[in-house]
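Each residue of the sequence shown is one higher than the one before, starting from 156 at the first, in the numbering used here. First up is the structure itself, then whatever we jot down about it.
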Amino acid sequence: MKYFFTGTFLTLALLISFFVYKQNIGDIASLPYDDEQHGLGDQIIIHFSHVVAENTPKGLAAIKFAELVKEKTNGRVIVQVYPNGILYSDDNEFEALQQNEIQMIAPTFSKVTSYLPSWQVLDLPFIIETDEQLKEVLTGPLKEQLLAELDGLNIKGLDFWSNGFKQIASNDYPVQNVQDFQLLRVRVMASELISKQFSLLGSTPITTTFDDVYYEIEKRNIQAQENTISNLYSKGFHKYEKHITLSNHGIMGYAVMINKPFWDSLDAELQQPILEALQEMSDWQFETSIEMNQIGQQELSSLPDVSLYPLSPVQKKAWKEKVAPIYETYQKEINDSYYKLLIEEVNRSN
Numbered sequence: 156m157k158y159f160f161t162g163t164f165l166t167l168a169l170l171i172s173f174f175v176y177k178q179n180i181g182d183i184a185s186l187p188y189d190d191e192q193h194g195l196g197d198q199i200i201i202h203f204s205h206v207v208a209e210n211t212p213k214g215l216a217a218i219k220f221a222e223l224v225k226e227k228t229n230g231r232v233i234v235q236v237y238p239n240g241i242l243y244s245d246d247n248e249f250e251a252l253q254q255n256e257i258q259m260i261a262p263t264f265s266k267v268t269s270y271l272p273s274w275q276v277l278d279l280p281f282i283i284e285t286d287e288q289l290k291e292v293l294t295g296p297l298k299e300q301l302l303a304e305l306d307g308l309n310i311k312g313l314d315f316w317s318n319g320f321k322q323i324a325s326n327d328y329p330v331q332n333v334q335d336f337q338l339l340r341v342r343v344m345a346s347e348l349i350s351k352q353f354s355l356l357g358s359t360p361i362t363t364t365f366d367d368v369y370y371e372i373e374k375r376n377i378q379a380q381e382n383t384i385s386n387l388y389s390k391g392f393h394k395y396e397k398h399i400t401l402s403n404h405g406i407m408g409y410a411v412m413i414n415k416p417f418w419d420s421l422d423a424e425l426q427q428p429i430l431e432a433l434q435e436m437s438d439w440q441f442e443t444s445i446e447m448n449q450i451g452q453q454e455l456s457s458l459p460d461v462s463l464y465p466l467s468p469v470q471k472k473a474w475k476e477k478v479a480p481i482y483e484t485y486q487k488e489i490n491d492s493y494y495k496l497l498i499e500e501v502n503r504s505n
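Structural data, given as structure tokens:
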């Protein structure tokens, strides 16, 4: 009984500490941009929130970025990184950024589509098929045009990061043939174009935050999801979703962004080293994402109760034919010029 009360007390104490701590972060972040922002010793704190684990391409990139910023600004700018959605989920981090409750986030491209539908160009399936093509798209003119759209949302777009290609993970049976998608409850990110893809395949797309996916799998509210190998492995989804189809049907990337008034308040002598840190991160992060997905695949393939299935050319062709209306929808209803630019950049890497 003594242990019970002690454990309960400690749990309550931790919860109270967390909520007080989170409230303090919001209070600090919402201060004016003059002396209060700089704090003691003229130091500026950037709160960087994201929803994935630290041992993922985005998680490691955020840590390395923080180290580089501290080094390049001689400690004048400190980036404090909060992983695993401990501050905000992917459902509310965007609004928190706009309100300067946090200063930086790196949501998936798909998440941005809720605010800027044209970003769905990066959700189109089976267009980007190699690492070379992906790098061309993530570093080319399309990136600059998409990031510029964020200005109208009180946000400064900084860069794109990669997490490679998405696969299909499922609970009960492998999803390889088009027929396997029928009536399947598939967790998808908040993108109308992605939802339409799976509807065309005969599935029921279910949108839920990344933080809630594990719970939804445990409760069998979803039967499958699309995700990268590194996310599937680092979050332990494979403990329930033991069938993984290596489909490479789409990409997952992140838009690194910062609150625009906060960014504009920084002197050029501070903005420059932050941009330099991001530039140095670019190649490292891209190569790290490839490596981590490869390592994750090797680890998963070594597990006796997890099965990996390649997608055959015939299966891939049938899948592409089913989702073909997606391309016309984007061109006619959303942004034809972005679609053409995407195709140009993909072809340029060949």
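Glycine included, C-beta positions come from ideal geometry on N, C-alpha and C.
Closest to F315 by CA distance: which of K225, P262, N332 and Q254 is it?
-> Within the sequence shown, residue 315 is the residue found at index 160, counting from 1. Nearest to F315 by alpha-carbon distance, out of K225, P262, N332 and Q254, is P262.
Could you check where the alpha helix (DSSP H) with M436 kicks off and where it finishes?
-> On the sequence shown, residue 436 is found 281 positions in, with the first residue counted as 1. Here the alpha helix (DSSP H) through M436 covers A423 to S456.
Near D278, what residues of its chain come up, given a Cβ to Cβ distance below 6 Å and the 5 sequence neighbours on each side ignored?
-> Within the sequence shown, residue 278 is the residue found at index 123, counting from 1. Cβ contact annotation for D278 (same chain, cutoff 6 Å, sequence separation greater than five): S265, S346, L348 and I349, in chain order.
Where does L401 sit, in a helix, a strand or coil, going by DSSP?
-> Numbered from 1 along the sequence shown, position 246 holds the residue referred to as residue 401. Of the three classes helix, strand and coil, the one that applies to L401 here is strand, per DSSP.
Considering only residues of the same chain and omitting the five flanking positions on each side of G240, which have a CB-CB separation below 6 Å?
-> For the purposes of this step, residue 240 is taken as the residue at position 85 of the sequence shown. Listed in chain order, the non-local C-beta contacts of G240 below 6 Å within the same chain comprise V206 and D366, local neighbours out to five positions each way being set aside.
Where N382 and V411 are concerned, what is the direct C-alpha to C-alpha distance, given to the nearest angstrom?
-> For the purposes of this step, residue 382 is taken as residue 227 along the sequence shown, with counting starting at 1. For the purposes of this step, residue 411 is taken as residue 256 along the sequence shown, with counting starting at 1. Just so you know, the alpha carbons of N382 and V411 end up roughly 19 Å apart.
Alpha carbon to alpha carbon, what distance is there between E500 and A379?
-> Here the question's residue 379 lines up with position 224 in the sequence shown. Here the question's residue 500 lines up with position 345 in the sequence shown. Rounded to the nearest whole angstrom, the C-alpha separation of A379 and E500 is 31 Å.
From which residue to which residue does the alpha helix (DSSP H) around Q470 run?
-> Here residue 470 refers to the residue found at position 315 of the sequence shown. Judged by DSSP secondary structure, Q470 falls within the alpha helix (DSSP H) whose first and last residues are P468 to K477.
CA-to-CA distance, L421 to L195, given in whole angstroms | For the purposes of this step, residue 195 is taken as the residue at position 40 of the sequence shown. For the purposes of this step, residue 421 is taken as the residue at position 266 of the sequence shown. Residue placement at L195 is flagged as unreliable, the pLDDT there being 47, under the threshold of 50; a coordinate-derived value is accordingly withheld.
Could I get the ranges of all uninterrupted alpha helix (DSSP H) runs contained in the region 205-275, with 4 residues as the minimum, in chain order?
-> The alpha helix (DSSP H) runs lying completely inside the region 205-275 and spanning 4 residues or more are 212-227, 248-253 and 264-267, given in chain order.
Verify whether the separation of the beta carbon atoms of N414 and N210 is less than 8 Å.
-> The residue labelled residue 414 in the question sits at position 259 within the sequence shown. The residue labelled residue 210 in the question sits at position 55 within the sequence shown. For the pair N414 and N210, the CB atoms are not nearer than the 8 Å cut-off.
If you pair each beta-carbon of the region 224-243 with each one of the region 275-290, do three or more pairs fall below 8 Å?
-> Contact between the region 224-243 and the region 275-290 is absent, because fewer than three Cβ pairs lie under 8 Å.
Keeping to the same chain, check which residues put their C-beta closer than 6 Å to that of V461; ignore five residues upstream and five downstream.
-> Here residue 461 refers to the residue found at position 306 of the sequence shown. Hits under 6 Å: H393, K397 and L455.
Take the Cβ of P212 as the centre, count every other Cβ of all protein chains shown within 10 Å, and call the residue buried at 16 or more, exposed below.
-> Counting from 1 along the sequence shown, the entry for residue 212 is found at position 57. A residue is called buried when at least 16 other Cβ atoms come within 10 angstroms of its Cβ; P212 meets this threshold and is buried.
Are the CB atoms of P296 and I489 nearer to each other than 8 Å?
-> Indexing the sequence shown from 1 puts residue 296 at position 141. Indexing the sequence shown from 1 puts residue 489 at position 334. The answer is no: Cβ separation not under 8 Å.
For Q486, which residues from the same chain have a beta carbon less than 6 Å from its beta carbon, with the 5 sequence-adjacent residues on both sides left out?
-> The residue labelled residue 486 in the question sits at position 331 within the sequence shown. Once the five neighbours on either side are set aside, the close Cβ partners of Q486 are Y494.
If N318 and S444 are in contact, beta carbons under 8 Å, what's the gap, nearest whole angstrom?
-> Counting from one through the sequence shown, the residue named residue 318 turns up at place 163. Counting from one through the sequence shown, the residue named residue 444 turns up at place 289. About 5 Å separates the CB atoms of N318 and S444; that is less than 8 Å, so the two are in contact.
Residues near I399 in its chain [Cβ-Cβ closer than 6 Å; skip 5 each side] | Taking the first residue of the sequence shown as 1, we reach residue 399 at position 244. For I399, where only same-chain residues beyond five positions count, the Cβ hits under 6 Å are Q322, A324 and L463.
Is N502 buried or exposed, if buried means 16 or more other CB atoms sit within 10 Å of its CB?
-> Residue mapping note: residue 502 aligns to position 347 of the sequence shown, counting from 1. Exposed: under 16 other Cβ atoms inside 10 Å.
Through-space distance from I406 to L496, alpha-carbon basis = Taking the sequence shown and counting its residues from 1, one reaches residue 496 at position 341. Taking the sequence shown and counting its residues from 1, one reaches residue 406 at position 251. If you take the alpha carbons of L496 and I406, they lie about 17 Å apart.
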